[in-house]
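Undergrad: Before I ask anything, let me first share the structure, which is written out below as structure tokens.
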Amino acid sequence: MTTVLRPHAEDQFADELAILAKTDDRPRPPGWRLSPWAVTTYVLGDGGQITPKYVGPRRIVEVAVATLATDRALLLLGVPGTAKTWLSEHLAAAISGDSALLVQGTAGTSEEAVRYGWNYARLLSEGPSRAALTPSPVMRAMTEGRLARVEELTRMPSDVQDALITVLSEKTLPIPELGEEVQAAKGFNVIATANDRDRGVNDLSSALRRRFNTVVLPVPATTEEEVDIVARRVAQLGRSLELPEIVTGLEEIRRVVTVFRELRAGVTADGRTKVKSPSGTLSTAEVISVVTSGIVLAAHFGDGVLRPADVAAGITGAVVQDPVSDRVVWQEYLETVVRGRDDWRDFYRACRDAG
Amino acid sequence: MPAESAARAASGPRALPGGHPGSDRDGGARRGRAGAPEVWVLGVRHHGPGSARAVRDELHRIRPDLVLVEGPPEADGLVRLAADPGMRPPVALLAYVPGEPSRAAFWPFAEFSPEWQAIAYAAGAGVEARFCDLPAAHGLALDAEPVRRDPIGELARAAGYDDPERWWEDLVEHRGEAGTLDVVAEAMRAVREGHVAEGVEARREAYMRATLRKAGREGFARVAVVCGAWHLPALSPPPPTPSTVADDERLLRGLPKVKVEMTWVPWTHNRLAAGAGYGAGVVAPGWYEHLFTAPDRPVERWLTRAAEVLRKEDLPVSSAHVIEAVRLAEGLAALRGRPLAGLSEVTEAVRAVLCDGDEPKVELVQRRMVVGERLGRVPDATPMLPLRRDLRDEQRRLRMKPETLTGEHDLDLRRPLDLGRSRLLHRLALLDVHWGTPRRARSKGTFKESWSLEWRPELDVALVEAAVWGITVEMAATSRVRDLAAGANLPELAALVERCLPAHLPGALPHLLGRIEDRAALDGEVRHLMGALPALVRARRYGDVRGTEGLAGVTESMLTRICAGLSPALTGLDDDAARAMAALVDGVHGAAGLMDAAGAPGTGAPGAASAESGGTTGSEGPAGMPGGGTTGSGRWLTTLAAIARRDDLPGLLDGRIVRILSDAEALEDDVATRMARAMSPGNPPARSAAWIEGFLSGGGLLLVHDPRLLAAVDAWLTGLPPQDFADALPLLRRAFGAFPAPERRMIGQRIRSGHTPSGGAGAEYDDGLAAGAVRTVREILGRETGGRQ
């Protein structure tokens, strides 16, 4: 079939979108390929032909879809690894059939990426004209009435972020060089993602913030869910990295997940003891990387079985991001929680040695 | 029992069992036999604004001459109080068995309760209102858990809703039309199809029917019954079981009975909320009240109020926010296929638009608005409040009549009577009923308390206000402490424990300790922990006199946290902060010693044991790792030993810690070396001065009486080369100059009289023989490390 490494969502799930479009008889907002109801079904699945794309609370998706239907921009917040990008891609694919109108926010993102640039050869030869203008993904989304996606919005410099204000409030993009403007067609909207724990890099100005409805994507709700995600992802990674086969006890993964969840939530799994949360993000993605590196250690330097000592260093590194305050948090956790668990004795010792 | 039915619906007019059919819609009630009254049964769901409004409208339409409400008939005499201007819902009818505080039942009413609206209608229209449920005298005697059926849940599931509340909200609460209620009544009939009431339920319904018949005999012509929808089929034809007068009488014969008192008590929205121990509670009393009171546009008004709540907390929320929130709530309702935005949609809108996804802000709105902080009030004419009655009983039991017992009193806590009195006074103080003012006891010792007692009239008012907390003094004080603990920080919590212990509140203390545990875990400021620990350890020392189980665990874990967090907290302190920190370190040090003594009573000499092993703890503890020792003080000393290795400590603290460790013989290197290093010219003079000040703190008298200390200082001093001595002299002048002149003189004398080892007798003693005496003395002094003084 296709030779691309990773097809766009609208291509990969084209048949599901087609099924929904055929059966969908509810009113569609102007410019939408599907009705809000069908979009929700596409993302969450219907237990039959439509596979679930996002596993999480239904209300999150409903609020997100309702937001886009009210022509307010949508801001997806969450720690890394909570499927922000994944969700925004599928929303764009379902609503406008195109998830490729993407601006990646980085420290080096320039205003051209949000507004428009120039084809300098043409600009020099013909002077400023519409033909010499290179539209940004946002500008194309406006003219075509589609969804534009902005990834890692808070990584962009503030002045670039603020270029979105006019776009979002007036739904126009002025081109002063030509004395023209681009007016957004119906169906245009913006989905932005931002990292919750990354706060303070380039915080949104309140003027811009006001244009967004904020939806916070939660971390997996239960330990079992997270253990499942981690185990599956670790197995995939192991295959693609072609690591030697080793025994990964679910027990060890469950322990790492438990440690991360407890520190993240600030309370032990049994709900009896509060603990401090460290400054790091402690996302599911980090659990996966701790376990993967533990497997590498066990495979190359250990006895082929994932043991507490293999993950201890990784956990300590992930938890202790700030050398002073996080170390206190980690030691408190070790002494007040880990120490008291009888079947965690090896782990306690390994962490003490590692720290 | 009022809690049973979560169902409500208003039916059209229904006749009594046994009445003829024959009806005309609208106002035309089914007429019964000649002389039998017309009866309307309005089946409701307790606490629902939609049915409250429907009931109010129906009653205005029906204009009955008697209103029967589901509730205990003992309260018939209290109904008129509902019209009193001093009465403000939420309130509850309380039935209790005098002298048995645990046997009590509540019937809460909120503004939006249909039952309350019925009572209010009766009071306003000047018609009689009565309660028709099984008397509380039987209910409390039967002591049976009412059968909890969820007819609404079954109906909602049949309609394909996962959340019964939402189904109700869509169907009834947002419409409040009698027509809809009719449909629900039909549905209720279907749900109850084939159900045979038994046990308490059968008796309750039998009693309701009996009350109806009695009303007929008394000549009432138009009777309206307001009860849970579940009972509706039992009160109107066709009866599910052949219910005859004889059957009902048989059911009601020979029921057990207890003496019951009834009164109104103030209630809160908080307690109305589900999970507050009341089955028919509602999740969102504040939202329901809003739905009931808002004249129109409930969603817009709600979101505007939410914006006001947030603005009061100085959070920027503009009108544009509110507009967008309304649009989102409506969009979401449309997406979910609901006719109107309900609580879950508005909450999502508040979260996504007004609060930027920030959970704490959402919780603020949740607390202030969705649950609400409304407090009910009862008029002064209310019969004697149970709290006051309980206080009177207590006063009688403890023989301390307010009228006679005034002036100053000494209580000997070893006597049960006095102990009871002390507890009562402390509990009242927690309720802000300051009958007694504690005075400084004239004698020393922890078993004496001195109070001056005076019952002032305003204390009666305070007692009425305290009635909201509970029906006995102990219960009220317990809930009050829990309430105070909710918003308190760590030092306040520690103070609360000290107030709570003498009041003997076994129900409050574990909760309080739990809060302390939580706070301690979350409080990043190790100084707060250090400040709170000594007070808690002192409280723990009360031991068996007051009963302080549970404190041990809390103090142990606090010490662990202190040990983990102390080292980073000692960085970057200025002079004042270092001085404060030194005091805290001293406090924790004393507390750590006490903890061992309290934790292992009778196991010999914990102090001596740890002092003996102290010399080695420092070296065996893993580097920088608290937890080396097994006892509290062992871990504490290990922590200090690790800290003492640092060279960036403020002088005062360094000196203080070296001194503590040297007293405990836990210092890794020799005192003289440390002293020499601290006093050497490489240090800024100010640091050296601070060091010696920290080291010698406790005053010159210690130098006089502690030959080891003196010897250590002396060894360092005499070992100084001449040049260094000249350099150190100003510092010493500064440290010693702070001592009073007599102390300096005594130090001089001690040195002159041959210092090593001074104290004479101390030099030669048999450790084995002395151990017992030393142990006892240490126990008495409550310290274990400062020995050999």
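Residue numbers (our numbering), protein chains in the order written: chain A, 1 to 355; chain B, 356 to 1144.
Think of the CB as a built atom: it goes at the ideal place given N, C-alpha and C, for glycine as much as any other residue.
Counting along the chain, where does the beta strand (DSSP E) carrying Gln183/A start and finish?
TA: Working through the first sequence from its first residue, we reach residue 183/A at position 183. That run of the beta strand (DSSP E) goes Glu180 to Gln183.
Undergrad: So what does DSSP say about Lys803/B, is it helix, strand or coil?
TA: Mapped onto the second sequence, residue 803/B falls at position 448. In the structure shown, Lys803/B sits in a strand (DSSP, three-state: E or B).
Undergrad: Gly697/B touches chain A at which residues, Cβ-Cβ below 8 Å?
TA: Counting from 1 along the second sequence, the entry for residue 697/B is found at position 342. Correct list: empty, because the minimum Cβ distance to chain A is about 13 Å.
Undergrad: Based on the DSSP secondary-structure assignment, which residues constitute the bridge partners of Asp765/B?
TA: Here residue 765/B corresponds to residue number 410 of the second sequence, with the count starting at 1. Partner(s): Ser805/B.
Undergrad: Is there at least one Cβ from chain A nearer than 9 Å to Gly976/B's Cβ?
TA: Here residue 976/B is taken as the residue at index 621 of the second sequence, counted from 1. Any reading at Gly976/B must be qualified, since the residue scores a pLDDT of 35, below 50, and its modelled position is unreliable; the value itself is stated next. So, not an interface residue.
Undergrad: Quick one: grab the DSSP three-state call for Pro428/B.
TA: The residue you call residue 428/B lines up with position 73 of the second sequence. Of the three classes helix, strand and coil, the one that applies to Pro428/B here is helix, per DSSP.
Undergrad: With DSSP as the reference, identify every bridge partner of Met617/B, one or two as the case may be.
TA: As a first step, residue 617/B must be located in the second sequence, where it is residue number 262. According to DSSP, which records beta bridges pairwise, Met617/B is partnered with Ala450/B.
Undergrad: Going by DSSP, name the residue or residues bridged to Val151/A.
TA: Within the first sequence, residue 151/A is the residue found at index 151, counting from 1. According to the sequence as given, residue 151/A is Glu; it is not Val. Answer is Gln104/A.
Undergrad: Can you list, in chain order, the residues of its chain whose CB lies under 8 Å from that of Leu1086/B, leaving out five sequence neighbours each side?
TA: Along the second sequence, read from residue 1 onward, the residue named residue 1086/B stands at position 731. These residues qualify, in order along the chain: Met1034, Pro1040, Ser1043, Ala1044 and Ile1047.
Undergrad: Near Cys582/B, which residues of its chain fall below 6 Å by C-beta distance, leaving aside the five closest residues on each side in sequence?
TA: The count along the second sequence starts at 1 and reaches residue 582/B at position 227. Taken in chain order, the residues that qualify are Glu425.
Undergrad: How would you call Glu89/A, buried or exposed, if buried means at least 16 neighbouring beta carbons within 10 angstroms?
TA: Position 89 of the first sequence, counted from the start, is the residue given in the question as residue 89/A. Buried is the call here.
Undergrad: Who are the neighbours of Val708/B on chain A, taking C-beta pairs under 7 Å?
TA: Within the second sequence, numbered from 1, the residue matching residue 708/B stands at position 353. Chain A residues near Val708/B: Asn213.
Undergrad: Between the C-alpha atoms of Val664/B and Thr67/A, what's the straight-line distance to the nearest angstrom?
TA: The residue given as residue 664/B occupies position 309 in the second sequence. The residue given as residue 67/A occupies position 67 in the first sequence. Distance between the alpha carbons of Val664/B and Thr67/A is about 23 Å.
Undergrad: Helix, strand or coil: which one does DSSP assign to Gly398/B?
TA: For the purposes of this step, residue 398/B is identified with residue 43 of the second sequence, where counting begins at 1. Three-state result, Gly398/B: strand.
Undergrad: Would you kindly work out how many angstroms separate the C-alpha atoms of Gly322/B and Gly987/B, rounded to a whole number?
TA: The shown model of chain B, from 356 to 1144, leaves out residue 322/B, and the question about it has no answer.
Undergrad: Can you check whether the CB of Leu147/A is closer than 9 Å to the CB of Phe188/A?
TA: Locating residue 188/A in the first sequence gives position 188, where the first residue counts as 1. Locating residue 147/A in the first sequence gives position 147, where the first residue counts as 1. In contact: Phe188/A and Leu147/A (Cβ atoms closer than 9 Å).
Undergrad: How about Gly583/B: is its Cβ closer than 8 Å to a heavy atom in the ligand SAH?
TA: What this structure holds is no ligand at all, so the ligand SAH is not there to describe.
Undergrad: So, does the CB of Lys276/A fall closer than 9 Å to a CB anywhere in chain B?
TA: Within the first sequence, the letter at position 276 stands for residue 276/A. Chain B contact via Cβ: present.
Undergrad: Scan the stretch 657 to 677 of chain B for residues whose Cβ lies nearer than 9 Å to a Cβ of chain A and list them as they occur along the chain.
TA: Of all residues in the stretch 657 to 677 of chain B, Pro671, Ser673, Ala675 and His676 have a Cβ within less than 9 Å of some Cβ in chain A.
Undergrad: Between Met980/B and chain A, is there a C-beta pair that is closer than 9 Å?
TA: On the second sequence, residue 980/B is found 625 positions in, with the first residue counted as 1. Because the pLDDT at Met980/B is just 38, under 50, the model does not fix this residue reliably, and the value given afterwards should be weighed accordingly. Yes, Met980/B counts as interfacial toward chain A.
Undergrad: Counting only Cβ pairs nearer than 8 Å, list the residues of chain A close to Glu1199/B.
TA: As displayed, chain B neither begins before 356 nor continues past 1144, which places residue 1199/B out of reach and without an answer.
Undergrad: Please list, in chain order, the chain D residues whose beta carbon lies closer than 7 Å to that of Ala66/A.
TA: In the displayed structure, chain D is absent; the protein chains listed are A and B.
Undergrad: Under DSSP, the alpha helix (DSSP H) around Tyr348/A begins and ends at which residues?
TA: For this step, residue 348/A is matched to residue 348 along the first sequence. Its alpha helix (DSSP H) spans residues Arg345 to Ala354.
Undergrad: Give the single residue among His789/B, Leu786/B, Glu749/B and Leu785/B whose Cα lies nearest to the Cα of Arg776/B.
TA: Start at 1 with the first residue of the second sequence, and residue 776/B comes out as number 421. Closest option to Arg776/B, Cα to Cα, is Glu749/B.
Undergrad: How many whole angstroms separate the CB atoms of Asp787/B and Ala831/B, which I take to be in contact at a CB cut-off of 8 Å?
TA: On the second sequence, position 432 is the one that residue 787/B refers to. On the second sequence, position 476 is the one that residue 831/B refers to. With 8 Å as the limit, Asp787/B and Ala831/B do not qualify as a contact, their Cβ atoms being about 11 Å apart.
Undergrad: According to DSSP, simplified to helix, strand and coil, what is Asn625/B?
TA: Walking along the second sequence from the start, residue 625/B turns up at place 270. Correct three-state label for Asn625/B: helix.
Undergrad: Alpha carbon to alpha carbon, how far is Arg706/B from Asp713/B? Give it in angstroms, no decimals.
TA: Walking along the second sequence from the start, residue 713/B turns up at place 358. Walking along the second sequence from the start, residue 706/B turns up at place 351. Those two C-alpha atoms are separated by around 7 Å.
Undergrad: Out of Gly1123/B, Ala478/B, Gly481/B and Trp462/B, point me to the one whose CA is closest to Asp335/B's CA.
TA: The first residue shown for chain B is 356 and the last is 1144, placing residue 335/B beyond what the model contains.
Undergrad: Which chain A residues sit within Cβ distance under 7 Å of Thr648/B?
TA: Locating residue 648/B in the second sequence gives position 293, counting from the first residue. Within 7 Å Cβ-Cβ: nothing; Thr648/B doesn't reach chain A, min ~28 Å.
Undergrad: Given this structure, state the Cα-to-Cα distance separating Leu1008/B from Ala999/B, to the nearest angstrom.
TA: For the purposes of this step, residue 1008/B is identified with residue 653 of the second sequence, where counting begins at 1. For the purposes of this step, residue 999/B is identified with residue 644 of the second sequence, where counting begins at 1. So the alpha carbons of these two residues sit roughly 9 Å apart.
Undergrad: May I ask you to list, following chain order, the residues of the stretch 906 to 933 of chain B that have a beta carbon less than 7 Å from some beta carbon of chain A?
TA: Taking 7 Å as the Cβ-Cβ cut-off against chain A, the residues of the stretch 906 to 933 of chain B that qualify are Ser912, Thr915, Arg916, Ala919, Gly920 and Pro923.
Undergrad: If you draw a straight line from the alpha carbon of Asp439/B to that of Thr737/B, how long is it in whole angstroms?
TA: Within the second sequence, residue 439/B is the residue found at index 84, counting from 1. Within the second sequence, residue 737/B is the residue found at index 382, counting from 1. Roughly 10 Å between the two C-alpha positions.
Undergrad: Hey, would you say Arg778/B sits closer than 9 Å to Ala858/B, going by beta carbons?
TA: Position 423 of the second sequence, counting from 1, holds the residue named residue 778/B. Position 503 of the second sequence, counting from 1, holds the residue named residue 858/B. Contact: yes.
Undergrad: Can you find the residues in the same chain that come closer than 7 Å, C-beta to C-beta, to Leu1056/B, ignoring five residues on each side of it along the sequence?
TA: As a first step, residue 1056/B must be located in the second sequence, where it is residue number 701. The residues are Glu1098.
Undergrad: Examine chain A for any beta-carbon lying closer than 9 Å to the beta-carbon of Ala947/B, and answer yes or no.
TA: Along the second sequence, one-based indexing puts residue 947/B at 592. It does not; no Cβ of chain A falls within 9 Å.
Undergrad: With 9 Å set as the bound, which would you pick, yes or no: does the beta-carbon of Leu877/B sit closer than that to a beta-carbon of chain A?
TA: Indexing the second sequence from 1 puts residue 877/B at position 522. Judged by the 9 Å Cβ criterion, Leu877/B is in contact with chain A.
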